[in-house]
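Peer 1: Dropping the structure in here first, questions after.
In the numbering used here, the protein residues as written are 928 to 1151.
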């Protein structure tokens, strides 16, 4: 069965170009031109990925994303002409998987789609495995982190950062490695975006010894 993607974009030409490029890669594509139409579709059909514009008629992309996240962790790539850090951070808070700013290259967008789907597939195939750092337990199979058996409410991005650091514990992980692994192909995450996620992680899981290596990246030290 083909991978099924929903494209939500109100500009007819842009929607058609995205759909054509995806269909050339044998993806099954469903299109919607406004937020209300997309909301009706996602309540009836299941998708492997959603490409979602922010500035939509009737229901905005961010509102639609919030509704979707109430019941689904389907990968979402935000597509928008709004190049504002606040909007990007708000999107990440609502568990967006990638963020593409217009104008964009359809070829690069397809690469990002492939990267997000690849990460999703890898996550689904992760073996049942847990690691412990004192009272902190990281369950790779369930994609959850616990402190004294209480689940820590991390966002998807925050969990992926911790997971990558845990799988490379004792080794320095560069910012470039995090960007490529967490956000995917050629994502232009700036230092403030990464620092914001790291600040939230340290606040939520203070018992993890994540050290900053100035000018390079981060390292999850072994539990002493």
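Glycine included, C-beta positions come from ideal geometry on N, C-alpha and C.
Because the structure is a prediction, the values reported are computed rather than measured.
Taking the alpha carbon of residue 976 as the reference point, which residue from 995, 990, 987 has its own alpha carbon closest?
Peer 2: Of 995, 990, 987, the residue nearest in Cα terms is 995.
Peer 1: Hey, which unbroken runs of the alpha helix (DSSP H) at 4 residues or more fall wholly within the region 935-969?
Peer 2: Runs of the alpha helix (DSSP H) inside the region 935-969: 939-951, 962-969.
Peer 1: Are the beta-carbon atoms belonging to residue 991 and residue 962 less than 8 Å from one another?
Peer 2: Their beta carbons are under 8 Å apart, which means residue 991 touches residue 962 by this criterion.
Peer 1: Looking only at its own chain, which residues have a Cβ that is under 7 Å from the Cβ of residue 956, when we skip the five neighbours before and after it?
Peer 2: Only 932, 934, 946, 949, 950 meet the Cβ criterion.
Peer 1: Looking only at DSSP bridge pairs, what is residue 1074 linked to?
Peer 2: DSSP, once it has assigned bridges, lists 1063, 1077 as partnering residue 1074.
Peer 1: Between the C-alpha atoms of residue 981 and residue 964, what's the straight-line distance to the nearest angstrom?
Peer 2: Spanning the two alpha carbons is a distance of roughly 14 Å.
Peer 1: When DSSP labels each residue in this structure, what does residue 1057 get in the three-state scheme?
Peer 2: Looking at residue 1057 - three-state DSSP - the assignment turns out to be strand.
Peer 1: To the nearest angstrom, how far is the alpha carbon of residue 1071 from that of residue 1056?
Peer 2: Near 11 Å, if we compare the C-alpha coordinates of residue 1056 and residue 1071.
Peer 1: Can you give me the C-alpha to C-alpha distance between residue 1121 and residue 1037, rounded to a whole angstrom?
Peer 2: The straight-line gap from Cα to Cα measures roughly 24 Å.
Peer 1: From the DSSP output, in three-state form, read off residue 1023 for me.
Peer 2: Coil, per DSSP.
Peer 1: Compute the beta-carbon to beta-carbon distance between residue 1100 and residue 1135, rounded to the nearest angstrom, for a pair I have assumed lies under 8 Å.
Peer 2: The pair is not a contact, with the Cβ atoms about 13 Å apart (cut-off 8 Å).
Peer 1: Rounded to whole angstroms, what's the CA-CA distance from residue 1032 to residue 1094? Just pull it up for me.
Peer 2: Going from the Cα of residue 1032 to the Cα of residue 1094 covers about 33 Å.
Peer 1: Could you compute how far the alpha carbon of residue 1087 sits from the alpha carbon of residue 943?
Peer 2: Cα to Cα, residue 1087 sits roughly 32 Å from residue 943.
Peer 1: Helix, strand or coil: which one does DSSP assign to residue 973?
Peer 2: The answer is coil: DSSP assigns residue 973 none of H, G, I, E or B.
Peer 1: Is residue 937 closer than 8 Å to residue 984 when the C-beta atoms are compared?
Peer 2: Yes, they are a contact pair.
Peer 1: Looking at the unbroken beta strand (DSSP E) that takes in residue 1138, where does it start and where does it end?
Peer 2: Counting along the chain, the beta strand (DSSP E) containing residue 1138 begins and ends at 1137-1140.
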